[in-house]
Every structure is written in structure tokens, then in C-alpha cells.
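Residue numbers (this note's numbering), protein chains in the order written: chain A, 6 to 269; chain B, 742 to 1405; chain C, 622 to 751. Backbone N, C-alpha and C define an ideal beta-carbon position, used for all residues, glycine too.
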Amino acid sequence: MIVSYFPGCTLKTKAQDLDMYARKCAEVLGVTLEEIDNWQCCGGVFTTVNNDAVTKLSSVRALDFARSKTQPLVSVCSACHNVLKQTNHAVQTDKAFADKVNLYMGNESPYDGSTQVYHYLEMLRDLVGFDAIKEKVVNPLKGKKIAAYYGCLLLRPSGVMQMDDPENPQIFEDLIRALGAEPVIYAMRNECCGGYVTMESPEFAAKKSKAITDNAASFGADMIVTACPLCKYNLEKNGNSVPVVYFTELLAEALGVKEDTQNA
Amino acid sequence: MQRIGVFVCWCGSNIAGTVDVHTVAEALKSEPGVVFSTDYQYMCSQAGQDIIKNAIKEHNLTGIVVCSCSPRMHEATFRKTAAAAGINPYMVEIANIREQCSWVHKDMQTGTEKAIILGKAAVAKVNLNTPLTPGESPVTKRALVIGGGIAGIQTALDIADAGFPVDIVETKPTIGGKMAQLDKTFPTLDCAACILTPKMVDVAQNENIRIFSYSEVQEIKGFVGNFDVTIKKRARFVKEEICTGCGACVEKCPMKKIPNEFNLGMDNRHAIYIPFAQAVPKVATIDPNACNMLKKGKCGICSKVCSAGAIDYTQKDEFISEKYGAIVVATGFNPISMEKFDEYAYSQSKDVITSLEFERLTNAAGPTAGKLLRPSDLKHPHTIVFVQCVGSRCAACAEKGKEYCSKICCMYTAKHAMLVRDKYPDTEVYVFYIDVRTPGKNFDEFYRRAVEEYGVKYVKGMVGKVTPEGDKLKVQASDLIANKQLHIDADLVVLAAAIEPDKSARPLATMLTASMDTNDFFTEAHPKLRPVESPTAGVFLSGACQGPKDIPETVSQASAAASKVIGLLVKDKLTGNPCVASPNELMCNGCSTCERVCPYGAITYEDKEFMMPDRSKAIRRVAQVNPAVCQGCGACTVACMSGAMDLRGFMGSQIIAEVDAICK
Amino acid sequence: MHNDNTRLTQEIIRASGVNPSKCMKCGKCSATCPAYDEMEYHPHQFVYMVESGDLEPLMNSKSLYKCLSCFACIDRCPRGVEPAKLVEAVRFAVIRQQGADHMTPDDVPAKLNEDIPQQAIVSAFRKYRK
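Next comes the structure, spelled out in C-alpha cells:
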């Protein structure tokens, strides 16, 4: 299976591990991630005002690229996925917006919102299947208590993201189970880490992140996994001693490709 | 040629506001057959009806057209008026210029034009009307009550007291419904069991009442006065007539880890069980999904210990057919699932409970014997947060909540909060509310007592998030008056879950051909004037199946429904609807299509002797309609390929005349 | 002045796509808001103040830059009001004015550290700058 892949700015810089493990694991699972030509940064945020079409053009380009290849569009970073998915939804539901961005794009055939947008987790669940992953696990993560951190971007707005139940999501936990570990359910897993105010008010972001890691720790979590570089930064910098790991790294460990990359 | 009178109603400003009624009356004067036309402010009033009666006499009218509201509203009224003035009631036609015209148009000109067209169509039809005489059908003097909660119980008792036999069908092993699970009742705080269980006993002892517990309605056929119902009595593997309810079997049953539905899963019951001590009928039931004997053929202890010999592992579902004159729906309600509201952590913590679970926790017969202990560690909770409107007044997402107000939550929450403060004054109690709605006798006084005398802290605002951490539930909420976000470390959180109709209501409505609203509540025949009747004749509504209700309201409606049933059952015969199908036997080709499409089984075929054009005699197979059974739905008339079937009062020629008048 | 305010209010409502009159004033948005304590005007107040055209205090408030756009208020509102979209529409009405950027490239170096991901800078700019 070949899918279009949108890595995003941070996966090329501070979050290279997230990217590298994502690629390694995809290979093991029989998925080829075809990186989009000349992709541009998604901007990190989907602005909700309906008079801001220009900032969404990079996303439309990526979506259109995937359409031209008739491939689903996959990204790993929660923010990229959120922006791509919301942009796609806007093209599907807001005709004025769709007309405007297509005018800018100047494509022969206007982009129509037909690309299937998957987060890497959804790709694992819906295209690969957790059962298939379970079979490929060579190094089950037995005895580990792992707290999945969703944050806000993967789940909300739930009407658009449609990944899982926004208040009681399972997708991350199901993956953790497939890898042989025990998921830790804690209420703060879908609360915001402080996200983009990290620059503006680091002390505010710190407060939010601390509450999340404390809640996970109170349920005995050995580790927190996340999909978002900014979440990881916030939780690591401001949290307690519970280590924060990208989910792709965890996946790589279970699939036995983590050492490989280190040795290589 | 008919002599037709046209009467245009203003309906105050309801019609006259967007329809020029004078112009309509004038315009219709020149229609064929019309000899008189006028308008009046309220045609349905006594004065309005007198105008019609006088016109009939003065102008020798043979047909009437009333341009007014929907025929569902006042067709019967005007038919009576006509009959009183000596003309056949079926010579009256209604042109609906309110619901289908003035209410949907904003502009006077278009409204008036359309009203004239609708009036012309009605005139065209009356020109072809013929006097009709309804037939009669007998009434089976027995009622069926579906649902054995307080609504069904009250309805059944009232009907039985009037001397008519009543059957109650209840899906659970006992009657009693939700009220049996409650602790105390607002605003008087009398104990629910103390006032309910005597009524349950009355039901059991009433000679006119039969209880089909652990049963469901399988099939309903027929019509008002003559329903044929099949009841499925599920196998309970205990002979009901023999079991004495001694409970020896329950005590000895080795399967004792089955979640107890009656206590909402907060404790366990055995595979053979009696739901609660005052159950009616007080007989044991074996849960086939839990019983080892039924699943694996191993055990049989209950059979050995039963001195009455009531256990019967081979019992099968039984089907009972019975005839009824009237059916009362009393299927009740349930709290909605809290699954989609996990910001309150219902699935994450045992100490986040619904209000119905709270009832069991404070009930002396409940899992904690009435001591308020929180489910996780059986410790006494010192801080309790009640959250109102969980899933009620929720318009954002239909899969999640309900758009309506559940009506009972404000009061039961005030009751819970007050009782906690009364019994455990060391407990801090918060109630988060959007609005406190207390319209009811002594209701607001009750709520204010909770605040003023019992010190319950009412906070205007909502809870946004509940985070279990350690042995606390961290509650984050808003206090809109203080303009603050509150953070409360609670021991117990109680969610006032919205209520919804029981899931059995929808399939039942289909069987009854009774209408429902978008929320699956049964619709009443008229929201103000016929609140306990379904629009389907012979089907009556009792309790929360029609909309959220508290106990006093439920009981009132239950008795009202009973009085309507009694009013029906005292009649020996019912006047039918003369607008029934009738075949033109000469045109009928005997194909049986109409027989197959008739949903009421009103059509049969008969071999009849006919005189042929050459004066020879021949036997032909032709359709026959039983006018007592036919409901006039018209399915056969459109299915008939030879055009032999027609509906009286709605003949093909009449419909075509209407269409022609509209298209002219 | 009054007309300007009315026009701006309508523009904000239109750009946000929010119908503030759907609000039943339950306060769930403010109950769930993780930025509540940082804000001078809270989500439910945004809805009420925009509805009543009381824009000036909002436009001058630091609350605009504290909303995390986590959409908790949007997801949990029982009436589908979407307060966060109003906050954003008001913020854009401010930062789109000449010289009203809340963050400029010159501010960035002082806020950086070795680990901060690019995503933080990019998204801050998108939120705070024209």
C-alpha cells in the first residue's frame, strides 16, 4: 500500500525521531510513505475565521497532491493532521471557501475535498489493522503501563476530526494493547497541554502540562506517549519524571526496528 | 345539482392575518353549485355554527364547504353542525386554509390566491359528494395495558375498578417500574415503596386484572374496539402458579455474581432471582444467560430445594392471543447512556454515578442498605457534586443528548441534596444548574428549603470536567454569578441524566400504527384538548411514554387514560367510518391484489353469481370489503389494476375533480 | 461610532460563523476552559459581549491571546455555540489593524530555547500576527 505522506516542519527538525520511526514502522507494516513533492508548512494552526483562505493553501496543495495520486494523505504530527483535516472539511462543506482556494490554486480541475485524510494512528487502525500489527510485534512491551496523551488536536473539533469518541477515545489505547503493554486511562488525556501559548506565556503552558503528567502519574503510568512534538516538548519540559515518548518510537520498539536504526 | 354554501373562517387573525377572507368568500360565490358564501371571525364558535345552520335552512343547502383550519381540528365539529341542520354530515368538506395556507405564507396576496384555489377544490369535491351512513362494530370489553410501572398500574386499577377486565404486559419479571427503584418522592418525601407497593398488591389481588410479567407484545391486529393481540410470555423456567416466592432457590443458587439490574449493577444477584422483596408477582425467574443448568445441563440445585416443585427447566416461551377493545401504552422512560459525556468521567470512576443509581444508594433496600457510601471504597462521601441537565437541553448533537428539558431532574436533585444534608450534616453538597425549574405544587418551596434550611450550595453554572485523581474527583466548574472557575475535590459526583422513552416504544408504535415525535415520545391526538389519546383510535397514552413526567403527573394522566378507556368500553357498539373501500363487482377481475395489500385484513373474495350481457348466468370471484374492519387507508384503491376499488368519500372522480379545480 | 461598532460586531459574527443567540447561558464553556484563570473575559462572556456589541473591552483584553484554541468549549457546548471561534474572530479583528501584531519576529529570539519545536513558533505567528 502506498500513501501520500506529509511530514511537516517539525518532523524535519526537532522531531526527526517521530518521522524516522514512522517511516521504519510503515515499512515493516507494508506501507510505503510517499513524501509529497515540495510540501509546505501547514502553519501549525487552522484558523477558524472564514475570511482567511490564504493560510490554508499549503494544505490544499498537499491534499490535491494526494488526490492526483489517488492516495490517502497521512501525517504523523497532530497539528499537521488537524490542519489538513479541517481544511479538507472546509473545502467539502464551504463552497465559497472552496471556490476561493481553487481560484488561487489555478488548477485545471479544482480540488474537491475527495482526498481521504488519515492520521498515522488512523492508518494503523483502519488501513493496517491493530490485529495485523499485533502479529508483527516481536518485542511485546509486557508489563509496561503506558498513558496515551491525545491532547486537543487529534480529537477536536470532533465533528470534523471524527477520529474517535472525543471524551472517551480508544484508538491510542488499542494500539498500546496491540503492542503488548497496558494502557492507563486518565481523564486529562484529552485536555490541552498549553499548545501555542508556549511562546507567549510559558508559565501558563507549564501549569497545564504539569496537571496532565500528574494525572497520568497518579494512575501509575510508566510512560506517556504522544503524537505531537509540541505536546511532547510541553509535557517533558514542565511535567514530572514520567518519560514522554513519541508513539512511533514505541511502535518501533515493539516491532523490533528501534535497535536496527540505532545500529545503522 | 348541489346547492352549496361556503363559509370562510378568519380564525381571529390566524387566517385573516395573511388571507383576505372577504375576497375568498366573494371569489367562491361564482363557483358551480355555490348559492351562498360568507365569512366570519370564528366559524367554530356557537355563533359561527349558527350562521351555517341558518344558511342551510334559508338557502336549502345540500353541501357545505368550510374554509378553515385542518380537518383534523374541526371536521367533526362542522359535520355535527350540518347533521343538526338536517343534512348528511358527509356532505361537508373542509378547505384547510390555515395550516396549509395562512400559516405557511407571509404575503397576503399569495395567501389569498392559494386560499381561493383550495376553496375551489373543496367546492368541486362537494359537487360529487353523496350522503354516507356509517356502519357499526361491536366492542370487546377488555383493555390491554402495556407497561407495569406506576402509569400502567394506575390505569389498570382504574379500569378494573369500573368493572372491566384488564391485562398488564410487563417486560420485567415484576411490575413496579422505575418508581419501585426510588427512595423517597418529592416534594412530600414519602417513601416510594410505601405508596407504590400497596398498589402493586391491589393489582395482584384485583379479580379483573391479569399480569403478564416477563412478557412482551408480539403482534397487534385489528382496530378500535376489536384489537387482536399476541403476547409472548417468555419462559422464566419457574411455574408461576406454583412458586410461592419463598426464596429457598435463590439462597442456594451457586451462580451469585450476576449484575443486579434492579440495583443498576451496583451489586449482584443469583442466576435464579426475585428482583426485590415486594415483587409482584412474587415468583422466581431463572436468567437463562447465567444459569448453569440451562447453559450446560449441570447443577439443578434450585429444582432440588424447591419444595413446591415449581422449577421447570424445559419451559418454553408461550404465546397468548387475546382480544381487546382498547390499548393503553405505558412504556415509560429510561435515563440516557452517559457514554458520550465522559468529560464527567462516568466510565472512568465508580464514584461518578447517575441520579437513579443515587436513589439505590440511599434506598434501605439498596446495595448499601441505605447508608450513603460511595461505590469505589464504601466510604462516606464528604463532598458531593450534583450536575444538572446532563444530556438535557442539548441541541448540539443528536447522538449525544436530547433537545428537551427532562423536567424531573431539578426536583429530584433538590430532594437528593436535601436528604444528604439532613442525614449527613457533615457533607458539603453542591448543585450545578443552568436554571432551576420548579413549576408544580409546593415545588419551589421545596427547592428553596433545600437551600435555605438545609444549606445546599446551588451554583449557577455547569461542570466542565471531572478528573479522577487519587481518591478524589477533581471537579472543574463555572460559577457564573461570581464569574469564577471553581475547583472542587469531590468524593462523589451525581449526574442528572436526561431521560428518554423506553426502547420498546418505537417497535410498539409501529405495531399500533400510532404516531411518535422525533424523540420517540408518543404523540397525543391534540396537545391541549386530547392529551391522553393517541391519534390512532382505541390507543391511549399513560405516563412518560408521551413526554417526561413526574409521579403526580403520571398518575393524573394514567387515571385520565383509564377514564377514556372506560368511556369506550361502556359502549356496546362503535360507529364506524363510512369512508371505506367498496368494490365495483362488475369491474373486479378477481386478482386478489387488494387482499394482499390490505394492512387490516378487511378484504376477502367470494364467488358470486352474475347476469352476463347475454343474459346468461356466470359465477365470478369478486372482492368483498368488511366495512367494520376497513380503516379507509386507500391502499387497495391504488393497487387495484382494473379500477374496481374505490373509497367512499374519496372516490377517484372526486379526487380528479379537486385536481382539475386546482389546475384550472 | 455606534454604527461602526454595529458593523464591526456583525463582521465578527459573520467571520466566526457563530450564532451567539443560540447560547442558553449555562456556562459549560467557562467550566471546561483550561485558560479560564488567565482570562479577564471568559468564554461565556465573549458570547454575551459580542452578542450585545460590547466589543471594546474584548478587543483591548489580553484574554484574546490566552485562548488555547483547544476547542473544548466547542465540543462540550450543549447548544453548538462554538465560543472559541468568536474569540478568534475578535482577535483577528484586532491584529489585522495596522501595527497591532501581538508578536513580531523581533520578539522571537528572546523566547527561544534549544528544544522548542518549530511548530510553536509557526503557530504563535499564525495566531498573533497579521
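For residue i, the three-state DSSP class (helix, strand or coil)
i	result
B:Ile1015	coil
A:Ala269	Low confidence applies here, because A:Ala269 scores a pLDDT of 41, under 50, leaving its location unreliable; read the following figure in that light. In this structure, A:Ala269 counts as coil in the three-state DSSP scheme.
B:Gln1056	coil
B:Ala823	helix
B:Asn755	helix
A:Lys139	helix
B:Gly1308	helix
B:Gly1393	helix
B:Tyr783	coil
B:Ala768	helix
A:Met14	Checking the displayed sequence, the identity of residue 14 of chain A turns out to be Cys instead of Met. Residue state, collapsed to three classes: coil.
B:Asp899	helix
B:Phe1281	strand
A:His124	strand
B:Pro1242	strand
A:Gln45	coil
B:Gly804	strand
Contact list for residue i against chain B, beta-carbon separation under 7 Å
i	result
A:Asn220	Thr1208 and Glu1210
C:Cys698	Ala1137
Distance between residue j and residue i (C-alpha atoms, nearest Å)
i	j	result
C:Ala745	C:Val702	25 Å
B:Lys1039	A:Ile138	41 Å
A:Glu208	A:Thr15	22 Å
B:Ile1344	B:Cys1320	15 Å
C:Pro730	C:Val743	13 Å
A:Asn239	B:Gly1107	47 Å
A:Lys17	A:Val81	12 Å
B:Cys1138	A:Gly118	24 Å
A:Leu34	A:Glu196	31 Å
A:Ile176	A:His124	11 Å
Cross-chain neighbours of residue i in chain B, by beta carbon under 9 Å
i	result
A:Ser223	Pro1209, Glu1210 and Gly1211
A:Met166	Result: empty, since nearest Cβ-Cβ is about 14 Å, beyond 9 Å.
Cross-chain neighbours of residue i in chain C, by beta carbon under 8 Å
i	result
B:Leu1221	Lys646, Gly648, Ser651 and His665
A:Thr15	Pro738, Gln739 and Gln740
A:Phe209	Ala656, Glu659 and Lys687
Local Cβ density within 10 Å of residue i, reported as buried at 16 or more and exposed below that
i	result
B:Lys1120	exposed
B:Ile1125	buried
C:Pro678	exposed
A:Leu108	exposed
B:His815	buried
C:Thr630	buried
B:Pro830	buried
B:Leu1160	buried
A:Val59	exposed
A:Asp69	buried
A:Asp24	buried
7 Å Cβ cut-off: residues of chain A touching residue i
i	result
B:Phe1082	Glu172
Proximal residues of chain C, C-beta to C-beta of residue i below 7 Å
i	result
B:Ala1218	Ala652
A:Ser163	Asp696
B:Gly1202	Gly648 and Ala652
B:Ile1175	Met645 and Cys647
Contact list for residue i against chain B, beta-carbon separation under 8 Å
i	result
A:Ile190	Gln1089
C:Gly701	Ala1136, Ala1137 and Cys1138
C:Asp658	Gln1226
Closer than 9 Å at the beta carbon, the chain A residues around residue i
i	result
B:Ala836	By Cβ distance, chain A contributes nothing, its closest Cβ being about 41 Å from B:Ala836, past 9 Å.
Partners in chain C for residue i, counting only beta-carbon separations shorter than 9 Å
i	result
A:Lys215	By Cβ distance, chain C contributes nothing, its closest Cβ being about 12 Å from A:Lys215, past 9 Å.
Cross-chain neighbours of residue i in chain A, by beta carbon under 8 Å
i	result
B:Ala1086	Ala192
Length at least 3, wholly inside the stretch 1048-1129 of chain B: the beta strand (DSSP E) runs in chain order: 1059-1065, 1067-1070, 1074-1076 and 1093-1095
Unbroken stretches of the alpha helix (DSSP H), 4 residues or longer, contained in the stretch 650-733 of chain C: 664-672, 676-680, 693-697, 704-716 and 729-732
Alpha helix (DSSP H) runs wholly inside the stretch 1169-1211 of chain B, at least 4 long, in chain order: 1184-1193
Extract the residue ranges of the alpha helix (DSSP H) inside the stretch 844-910 of chain B, only unbroken runs of 4 or more that lie entirely within it. 849-867 and 891-902
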